[in-house]
Amino acid sequence: MHLAVGTSLLIVAMKSASGFYKYLHLLPEQGYAIHWDIVLLFSALGVLGSLFGGRLAASIPQLTLRRGFAGFLVAMGVFILWQNLPKALHG
786 MHLAVGTSLL
796 IVAMKSASGF
806 YKYLHLLPEQ
816 GYAIHWDIVL
826 LFSALGVLGS
836 LFGGRLAASI
846 PQLTLRRGFA
856 GFLVAMGVFI
866 LWQNLPKALH
876 G
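Take 786 as the starting number for the sequence shown in this note's numbering and just add one per residue.
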């Protein structure tokens, strides 16, 4: 289960990094700028959260972790459908 969670987070990080890289050069053309201090802050908080989450996950029973992760995936699926279904139905 820990491997599944880690793999999922790696995929999210890779997808986020590729999207960031794709649009990085377009921002100045559209009058936007990246606040690198905020990027650094969020990166540092992400690393700290990963370390804390890893320790927390190690102390949670496997079944509880599996159910929590499944609940999170269902909630995210419902949220994504809620956001996109009206657009898809109405063109």
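Here a beta-carbon is modelled for each residue, glycine too, at the ideal position from N, C-alpha and C. In this text, all values refer to a predicted model and were calculated from it rather than measured experimentally.
### Message
Going by beta-carbon coordinates alone, are leucine 850 and alanine 842 separated by less than 8 Å?
### Response
Mapped onto the sequence shown, residue 850 falls at position 65. Mapped onto the sequence shown, residue 842 falls at position 57. Yes, they are a contact pair.
### Query
Secondary structure at glutamine 815, three-state DSSP: helix, strand or coil?
The residue given as residue 815 occupies position 30 in the sequence shown. Residue state, collapsed to three classes: coil.
### Length of the line joining the Cα atoms of glycine 834 and asparagine 869
Looking up residue 834 in the sequence shown gives position 49. Looking up residue 869 in the sequence shown gives position 84. Their backbone Cα atoms lie some 29 Å apart in a straight line.
### Query
In this structure, does DSSP put proline 871 in helix, strand or coil?
The sequence position of residue 871 within the sequence shown is 86, counting from 1. It is helical.
### Task
Please state whether DSSP places isoleucine 865 in a helix, a strand or coil.
Within the sequence shown, residue 865 is the residue found at index 80, counting from 1. DSSP places isoleucine 865 in helix when its eight states are reduced to three.
### Query
Residue range of the alpha helix (DSSP H) that isoleucine 845 falls in?
Your numbering for residue 845 matches position 60 in the sequence shown. Counted as a single uninterrupted DSSP element, the stretch harbouring isoleucine 845 is not any alpha helix (DSSP H), since DSSP gives it neither H nor E.
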